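Enquirer: So that we are looking at the same thing, I have put the structure below in structure tokens.
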Amino acid sequence: MKHATAFAAELTWPDYHAAVRNGRTPILIPIGSMEQHGHHMPLHVDVLLPTEFARRVAEEVGGLVAPPFTYGYKSHQKSGGGNHLPGTTSLDGATLVASLKDVVKSFARQGVRKICLVNGHFENSWFIVEAIDLALRELNWDGITDMKVVVLSYWDFVHKEAIAKLYPDGFPGWDVEHGGVLETSLMLALYPHLVHLDRAVDHAPATFPPYDVYPIKPEWTPPSGTLSSPKEASVEKGHILLEVCTKGIVTALRTEFV
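Heads up: the sequence shown at position 164 corresponds to 1484 in the working numbering, and the numbers run straight through without jumps.
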């Protein structure tokens, strides 16, 4: 079904009710964070990217995009630089779980039966799963037993062929891609006015010991806040990523939301 807008919050309540009450319209919820992304990108990268993927996918599958979660779980030093860096503003895990659980339950009680959570912040992953588990449990108690929830992170759809094009000199691994080629290329393709590539810091991929220490050791994080260099980022790579990830997510939802 084609909607006047891809964004649920832009609809009037009668139009929204008509769209979701029969359970056929998927709701896509972007889950992001407020987190530093180096010297060259803004703090809301992890909100902008999943929201845009959700919009593109919603238009393909007849879904609606819910307002995004703009705060996420604490940044981990080995995947996001660390929660100690200025600008990174985070939720406790219990807060994220409780908030997301409430939102999923509220959508379900309005008639929604298909929900996709589009994650843009690695550290959110297990808290999303916990929220869904608790929401489905409580909905079952209320007699709502026909929900289906898909949880995904857009970068998981970047296949080996695309990785070879994006990283001709070798892939450093997703664990150190924070603020690197992937996110920077997507931002260059979508929001070039928010990227200051001339301020990007070129450095080797971060290396960490095979354990964690708390309180953290700030010196483990590169001073830039990024965990790998964005110097090879480009608009062209951004468009490759947009195509590959959007196509992959659309295929997934068409498979699961039959």
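Yeah, the Cβ is synthetic: ideal placement off N, Cα and C, and Gly gets one too. Note that the structure is predicted; figures quoted are calculated from it, not measured.
When the distance is taken between beta carbons, is isoleucine 1569 closer than 8 Å to phenylalanine 1389?
Expert: The answer is no: Cβ separation not under 8 Å.
Enquirer: Go ahead and pull the three-state DSSP assignment for asparagine 1460.
Expert: DSSP places asparagine 1460 in helix when its eight states are reduced to three.
Enquirer: Taking all protein chains shown into account, do 16 or more other C-beta atoms lie within 10 angstroms of the C-beta of proline 1350, making it buried, or fewer, making it exposed?
Expert: Counting Cβ neighbours within 10 Å, proline 1350 comes out buried, since at least 16 surround it.
Enquirer: To the nearest angstrom, how far is it from the Cα of glycine 1400 to the Cα of glycine 1545?
Expert: Each residue's Cα considered, the two are about 8 Å apart.
Enquirer: Taking 7 Å as the limit between beta carbons, can you name the residues of its chain near alanine 1329, skipping five residues before and five after?
Expert: So the list reads Pro1387, once near-sequence residues are dropped.
Enquirer: Under 8 Å: do the segment 1392-1409 and the segment 1522-1536 share three or more Cβ pairs, one atom per stretch?
Expert: The segment 1392-1409, when compared against the segment 1522-1536, does touch it at the 8 Å Cβ threshold.
Enquirer: Between the alpha carbons of glutamate 1497 and proline 1530, how many angstroms are there, rounded?
Expert: Distance between the alpha carbons of glutamate 1497 and proline 1530: 18 Å.
Enquirer: Reducing DSSP to helix, strand and coil, say where cysteine 1336 ends up.
Expert: In the sequence under discussion, the amino acid at residue 1336 is tyrosine, which differs from the cysteine named in the question. Helix.
Enquirer: Identify every run of the beta strand (DSSP E) within the segment 1374-1446, keeping only runs that are complete inside it and at least 3 residues long; order them along the chain.
Expert: With a minimum length of 3 residues, the continuous beta strand (DSSP E) runs that stay inside the segment 1374-1446 are 1434-1439.
Enquirer: What would DSSP say about leucine 1510, mapped onto helix, strand or coil?
Expert: Helix at leucine 1510.
Enquirer: Taking the alpha helix (DSSP H) that lysine 1567 belongs to, which residues open and close that run?
Expert: Counting along the chain, the alpha helix (DSSP H) containing lysine 1567 begins and ends at 1555-1576.
Enquirer: Using three-state DSSP, classify serine 1473 as helix, strand or coil.
Expert: Here serine 1473 sits in strand by DSSP.
Enquirer: Quick one: using the 10 Å Cβ neighbour count with 16 as the cut-off for buried, is lysine 1551 buried or exposed?
Expert: So lysine 1551 ends up on the exposed side.
Enquirer: Sorted by chain position, which residues of the same chain lie with C-beta nearer than 7 Å to valine 1478's C-beta, five sequence neighbours on each side aside?
Expert: Excluding sequence neighbours, valine 1478 sits near Leu1561, Val1564, Cys1565.
Enquirer: Assuming leucine 1363 is part of the beta strand (DSSP E), what are its boundary residues?
Expert: Note, leucine 1363: premise wrong, no beta strand (DSSP E); not H, not E.
Enquirer: Under 8 Å, do histidine 1523 and histidine 1360 count as touching if we go by C-beta distance?
Expert: Result no, Cβ atoms of histidine 1523 and histidine 1360 do not sit closer than 8 Å.
Enquirer: Measure the alpha-carbon distance for glycine 1382 versus proline 1542 and round it to whole angstroms.
Expert: C-alpha separation (whole angstroms): 43 Å.
Enquirer: Considering isoleucine 1536, what are the terminal residues of the alpha helix (DSSP H) in which it resides?
Expert: No alpha helix (DSSP H) contains isoleucine 1536, which DSSP labels as neither H nor E.
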